[in-house]
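**Q** The structure follows.
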Amino acid sequence: MNFRTIKRDWLSNVRADLLAGAVVALALIPEAIAFSIIAGVDPKVGLYASFIIAMVTAVFGGRPGLISAATGAMALLMVNLVKVHGLEYLFATGILTGILQIVFGLMKLGRQMKYVPRAVMVGFVNALAILIFLAQLPQLTDVPIAVYGMTAASLVIIYVLPRFTTLVPSPLVAIVTMTAISIFAGIEVPTVGDMGELPSTFPPFSLPQVPLNLETLNIIFPYAITLAIVGLLESLLTASLLDELTNTSSNKNQEAKGQGIANIVTSFFGGMAGCAMIGQSVINIQSGGRGRLSTFSAGVLLLFFMLSLGNWVRQIPMAALVAVMIMVSIGTFNWSSLTQLRKIPRTETAAMVTTVFITVLSHNLAFGVVVGIALSTVFFSGKIAEVVFVDRVLSEDGTHRTYSIGGQIFFVAIDDLLEKFDFHEEIEKVTLDFSHAHIWDQAAVGAIDQIVIKFRRTGADVELVGLNEASAALVDRLATHNDPNALKKMAGH
Numbered sequence: 005m006n007f008r009t010i011k012r013d014w015l016s017n018v019r020a021d022l023l024a025g026a027v028v029a030l031a032l033i034p035e036a037i038a039f040s041i042i043a044g045v046d047p048k049v050g051l052y053a054s055f056i057i058a059m060v061t062a063v064f065g066g067r068p069g070l071i072s073a074a075t076g077a078m079a080l081l082m083v084n085l086v087k088v089h090g091l092e093y094l095f096a097t098g099i100l101t102g103i104l105q106i107v108f109g110l111m112k113l114g115r116q117m118k119y120v121p122r123a124v125m126v127g128f129v130n131a132l133a134i135l136i137f138l139a140q141l142p143q144l145t146d147v148p149i150a151v152y153g154m155t156a157a158s159l160v161i162i163y164v165l166p167r168f169t170t171l172v173p174s175p176l177v178a179i180v181t182m183t184a185i186s187i188f189a190g191i192e193v194p195t196v197g198d199m200g201e202l203p204s205t206f207p208p209f210s211l212p213q214v215p216l217n218l219e220t221l222n223i224i225f226p227y228a229i230t231l232a233i234v235g236l237l238e239s240l241l242t243a244s245l246l247d248e249l250t251n252t253s254s255n256k257n258q259e260a261k262g263q264g265i266a267n268i269v270t271s272f273f274g275g276m277a278g279c280a281m282i283g284q285s286v287i288n289i290q291s292g293g294r295g296r297l298s299t300f301s302a303g304v305l306l307l308f309f310m311l312s313l314g315n316w317v318r319q320i321p322m323a324a325l326v327a328v329m330i331m332v333s334i335g336t337f338n339w340s341s342l343t344q345l346r347k348i349p350r351t352e353t354a355a356m357v358t359t360v361f362i363t364v365l366s367h368n369l370a371f372g373v374v375v376g377i378a379l380s381t382v383f384f385s386g387k388i389a390e391v392v393f394v395d396r397v398l399s400e401d402g403t404h405r406t407y408s409i410g411g412q413i414f415f416v417a418i419d420d421l422l423e424k425f426d427f428h429e430e431i432e433k434v435t436l437d438f439s440h441a442h443i444w445d446q447a448a449v450g451a452i453d454q455i456v457i458k459f460r461r462t463g464a465d466v467e468l469v470g471l472n473e474a475s476a477a478l479v480d481r482l483a484t485h486n487d488p489n490a491l492k493k494m495a496g497h
């Protein structure tokens with residue numbers, strides 16, 4: 005890393021990065037507490053994790069401006085582990101999760117993000133926006149009427165203030181203003197302090213108190229591999245989203261390693277494993293944060309707010325933070341995707357809608373994306389299978405038929421391919437020309453076997469020509485049509 009890179013990532017946007025970091029730090033507090041409650045651990049476990057992970061990923065991550073901390077998706081995966089085995093096993097699992105993520109980064113699995121279709125990405129983003137909004141509803145249910153007024157006033161500040169000045173992020177102004185009004189006017193509304201106790205000391209270093217044996221590994225490995233995969237999937241998708249929002253690129257493999265290092269470090273300091281927070285990352289970008297300093301300052305300021313300004317932070321109205329998250333929800337949703345529904349192919353619409361539906365229904369972003377990718381793969385396979393053609397040419401004497409085959413031949417295309425041959429034609433020789441085709445799998449080789457054997461059964465001499473090197477190697481390894489007993493075996497089916 006040279007000085008120019010350091011200057012670009014850390015010092016090119018100092019004021020905006022610091023102010024954006026302050027907004028993110030304040031928004032992180034209630035979320036970290038809530039995620040700790042979901043996981044069944046003390047609030048300080050989520051808060052410790054949030055500031056440590058943010059600071060570590062700022063240094064070692066691959067996407068400037070990305071915010072990582074304790075998250076709901078990871079917390080949900082920890083519930084049974086904590087309930088059955090206890091907190092120390094959670095820390096041990098976090099260390100193993102980090103090790104696995106570093107291995108994934110070294111294996112360069114981050115490059116596989118290019119295989120996530122855009123329709124799935126859009127569905128992922130829209131589902132995230134819906135989930136963020138739905139997560140705010142409990143804070144707006146069965147609450148004093150003043151909460152609605154403060155939420156509305158916060159939204160007015162957030163959206164109107166930027167028309168006059170952008171010197172200070174409008175979400176930060178909304179939080180400070182609503183806090184001041186709540187304190188000095190004596191308005192009784194739910195506050196950050198109602199979510200749980202804030203820690204008052206820096207977390208001490210400690211080793212997980214678990215037996216170092218195979219039994220422990222057998223307990224923590226299933227949780228660790230799941231956490232590692234879900235955490236990386238969300239982190240890499242978030243990195244891709246920020247790439248698009250900022251028109252810049254990121255190092256996905258470095259991000260995987262950075263997430264792993266952060267999860268190892270936080271587990272040694274009493275924190276839970278985490279990953280990228282899409283909502284907070286969008287807050288950071290929309291508040292002007294662009295460099296690594298914004299992420300690092302979010303972690304530092306979160307620690308500062310907890311230890312030095314705890315009494316003030318406890319009095320922040322939840323209504324102000326709900327307004328910030330509503331802003332994030334509105335800004336995250338890809339509204340143009342609704343107007344383009346009639347323009348884009350139906351298969352892409354189906355993949356996007358399915359991703360949204362599954363994600364919102366399961367509250368699991370990773371699961372929704374996996375289903376979306378699987379559906380897109382099925383649709384894509386169907387499209388590719390349709391692009392298979394067979395040209396037929398008969399010699400002048402009517403004894404030699406040449407079939408020129410083109411396209412990608414694999415299991416989905418087999419039925420259509422077989423229909424293109426006339427096995428009842430009385431000819432002496434058949435040439436199968438694969439110069440414009442590629443053989444992909446065992447099913448394709450099996451189809452060639454069927455074609456050759458059926459023609460030979462009518463007495464025709466069959467010749468295969470034009471196979472490329474990879475296709476020829478596959479056919480040589482798997483084909484059975486030259487087996488002396490091939491005709492008998494085919495007859496027996």
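Residue 182 in the numbering used here is what sits at position 178 of the sequence shown, and the numbering runs on without skipping anything. Glycine residues also receive a C-beta, built at the ideal position from the N, C-alpha and C atoms.
1. So Gly-66 and Asn-255 are supposed to be a Cβ contact under 8 Å. How far apart are they, rounded?
2. Using C-beta distances below 6 Å, list every residue in its chain close to Trp-444, excluding the 5 sequence neighbours before and after it, in chain order.
3. By the three-class DSSP mapping on this structure, what secondary structure does Ala-441 have?
4. Would you give the residue range spanned by the alpha helix (DSSP H) that Ile-136 belongs to?
5. Val-394 by DSSP, collapsed to three states: which one?
6. Tell me which same chain residues have a C-beta within less than 8 Å of the C-beta of Leu-81, skipping the five on either side of it?
7. Decide if the stretch 213 to 225 is in contact with the stretch 89 to 99; the criterion is three or more beta carbon pairs, one per stretch, under 8 Å apart.
8. What's the call for Arg-405, buried or exposed, on a 16-neighbour Cβ count within 10 Å?
9. Hey, could you find the ends of the beta strand (DSSP E) Ile-409 is sitting in?
10. Starting from Leu-468 and walking both ways along the beta strand (DSSP E), at which residues does that stretch end?
11. Between Ala-323 and the rest of its own chain, which residues show a CB-CB distance below 7 Å, the 5 nearest in sequence each way excluded?
12. Whose C-alpha, out of Phe-206, Val-466, Pro-142 and Val-449, is nearest the C-alpha of Leu-311?
13. Buried or exposed: where does Arg-8 fall if 16 or more other Cβ atoms within 10 Å of its Cβ makes it buried?
14. Got a sec? Which residues, its chain only, sit under 8 Å from Val-469 by beta carbon, not counting five neighbours each side?
15. So what does Leu-436 bridge to, in DSSP terms?
16. Can a CB atom of chain B be found closer than 8 Å to the CB of Lys-458?
17. Could you tell me the distance, in whole angstroms, from the CA atom of Gly-197 to the CA atom of Ile-187?
18. Suppose you measure from the CA of Gly-450 to the CA of Ala-477; what does that come to, to the nearest Å?
19. The ligand GTP and Gln-290: does any heavy atom of the ligand fall closer than 7 Å to the residue's C-beta?
20. Can you tell me whether Ala-280 is helix, strand or coil according to DSSP?
21. What residues in its chain sit with their C-beta under 6 Å from that of Thr-363, if we drop five residues either side in the sequence?
22. Out of Ala-355, Glu-390, Gly-50 and Ala-20, state which residue places its alpha-carbon closest to the alpha-carbon of Val-375.
23. Which value, in whole angstroms, describes the spacing of the CA atoms of Leu-297 and Ile-71?
24. For the stretch 300 to 373, which segments carrying the alpha helix (DSSP H) assignment without a break, of at least 4 residues, lie completely within its bounds, in sequence order?
25. Around the C-beta of Ser-174, are 16 or more other C-beta atoms found within 10 angstroms, so that it is buried, or is it exposed?
26. For Ser-301, which of Asp-21, Ile-330, Ile-388 and Asp-46 has the nearest alpha-carbon?
27. On the three-state DSSP scale, how would you describe Gln-290?
28. Suppose you measure from the CA of Leu-104 to the CA of Ala-260; what does that come to, to the nearest Å?
29. Can you tell me whether Ser-285 is helix, strand or coil according to DSSP?
30. Looking at the strands, I want to know which residues DSSP matches up with Ser-72.
31. Can you name the start and end residues of the alpha helix (DSSP H) that Asp-453 belongs to?
32. Can you list, in chain order, the residues of its chain with a C-beta nearer than 6 Å to that of Met-59? Leave out the 5 residues immediately preceding and following it.
33. For Ile-320, which residues from the same chain have a beta carbon less than 7 Å from its beta carbon, with the 5 sequence-adjacent residues on both sides left out?
34. Would you say the stretch 239 to 254 touches the stretch 198 to 218, given that touching needs at least three Cβ pairs under 8 Å?
35. Comparing alpha-carbon positions, which option in Gln-454, Thr-270, Ser-475 and Thr-97 lies nearest Asp-487?
36. Whole angstroms is fine: what's the gap from Tyr-93's alpha carbon to His-485's?
**A** The structure says:
1. In the sequence shown, counting from the first residue as 1, residue 66 sits at position 62. In the sequence shown, counting from the first residue as 1, residue 255 sits at position 251. Indeed, because the Cβ distance is near 3 Å, the residues count as touching under 8 Å.
2. For the purposes of this step, residue 444 is taken as the residue at position 440 of the sequence shown. Within its own chain, the residues whose Cβ lies closer than 6 Å to the Cβ of Trp-444, once the five positions on either side in sequence are excluded, are Phe-414, listed in chain order.
3. To locate residue 441, count along the sequence shown from 1; it is residue 437. Strand.
4. Position 132 of the sequence shown holds residue 136. Segment 122 to 140, the alpha helix (DSSP H) holding Ile-136.
5. Position 390 of the sequence shown holds residue 394. If DSSP states are grouped into helix, strand and coil, Val-394 belongs with the strands.
6. The sequence position of residue 81 within the sequence shown is 77, counting from 1. The residues Tyr-227, Thr-230, Leu-231 and Val-234, in chain order, have a CB closer than 8 Å to that of Leu-81 in the same chain once the five nearest residues on each side in sequence are set aside.
7. yes
8. Here residue 405 refers to the residue found at position 401 when the sequence shown is read from its first residue. So Arg-405 ends up on the buried side.
9. Within the sequence shown, numbered from 1, the residue matching residue 409 stands at position 405. Counting along the chain, the beta strand (DSSP E) containing Ile-409 begins and ends at 404 to 413.
10. Position 464 of the sequence shown, counted from the start, is the residue given in the question as residue 468. For Leu-468, the enclosing beta strand (DSSP E) covers residues 465 to 469.
11. Walking along the sequence shown from the start, residue 323 turns up at place 319. Excluding sequence neighbours, Ala-323 sits near Val-151, Met-154, Thr-155, Ser-158, Met-182 and Val-193.
12. Here residue 311 corresponds to residue number 307 of the sequence shown, with the count starting at 1. Checking every option, the nearest Cα to that of Leu-311 belongs to Phe-206.
13. For the purposes of this step, residue 8 is identified with residue 4 of the sequence shown, where counting begins at 1. Exposed, since its Cβ has fewer than 16 Cβ neighbours within 10 Å.
14. Within the sequence shown, numbered from 1, the residue matching residue 469 stands at position 465. The answer, listed in chain order, is Thr-435, Leu-436, Asp-437, Phe-438 and Ser-439.
15. Position 432 of the sequence shown, counted from the start, is the residue given in the question as residue 436. Partner(s): Tyr-407 and Leu-468.
16. Of the protein chains in this structure there is only one, and it is not chain B.
17. What you label residue 197 is simply residue 193 of the sequence shown in a count that begins at 1. What you label residue 187 is simply residue 183 of the sequence shown in a count that begins at 1. Approximately 13 Å, taken between the alpha carbons.
18. As a first step, residue 450 must be located in the sequence shown, where it is residue number 446. As a first step, residue 477 must be located in the sequence shown, where it is residue number 473. Between Gly-450 and Ala-477, the C-alpha separation is close to 14 Å.
19. Ligands in the displayed structure: none, and consequently the ligand GTP is not present.
20. The residue labelled residue 280 in the question sits at position 276 within the sequence shown. Three-state DSSP puts Ala-280 in a strand.
21. As a working note, residue 363 is residue 359 in the sequence shown. Only Ala-131, Leu-369 and Gly-372 meet the Cβ criterion.
22. The count along the sequence shown starts at 1 and reaches residue 375 at position 371. Comparing Cα-Cα distances from Val-375 to each of Ala-355, Glu-390, Gly-50 and Ala-20, the minimum goes to Ala-355.
23. Walking along the sequence shown from the start, residue 297 turns up at place 293. Walking along the sequence shown from the start, residue 71 turns up at place 67. Roughly 11 Å separates the two Cα atoms.
24. 314 to 317, 322 to 336, 340 to 343 and 350 to 366
25. What you label residue 174 is simply residue 170 of the sequence shown in a count that begins at 1. Burial call: buried.
26. Counting from 1 along the sequence shown, the entry for residue 301 is found at position 297. Selected option, being the one with the closest Cα: Asp-21.
27. For this step, residue 290 is matched to residue 286 along the sequence shown. Gln-290: helix per DSSP, three-state reduction.
28. For the purposes of this step, residue 104 is taken as residue 100 along the sequence shown, with counting starting at 1. For the purposes of this step, residue 260 is taken as residue 256 along the sequence shown, with counting starting at 1. So the two alpha carbons sit approximately 10 Å from each other.
29. What you label residue 285 is simply residue 281 of the sequence shown in a count that begins at 1. In the structure shown, Ser-285 sits in a helix (DSSP, three-state: H, G or I).
30. Within the sequence shown, numbered from 1, the residue matching residue 72 stands at position 68. The partner list for Ser-72 (beta bridge, DSSP) reads Ala-280.
31. In the sequence shown, residue 453 corresponds to position 449, counting from 1. Per DSSP, the unbroken alpha helix (DSSP H) holding Asp-453 starts and ends at 446 to 461.
32. Position 55 of the sequence shown, counted from the start, is the residue given in the question as residue 59. Within the same chain, Met-59 has close Cβ partners Phe-300 and Gly-303.
33. As a working note, residue 320 is residue 316 in the sequence shown. If we look at Ile-320 and ignore the five residues flanking it on each side, its Cβ neighbours are Leu-30, Ile-179, Thr-183, Thr-195 and Val-196.
34. no
35. Sequence index remark: in the sequence shown, residue 487 carries index 483 (1-based). Residue Gln-454 is the option with its Cα nearest to Asp-487.
36. In the sequence shown, the residue the question calls residue 93 occupies position 89. In the sequence shown, the residue the question calls residue 485 occupies position 481. Rounded to whole angstroms, Tyr-93 to His-485 spans 57 Å at the Cα level.
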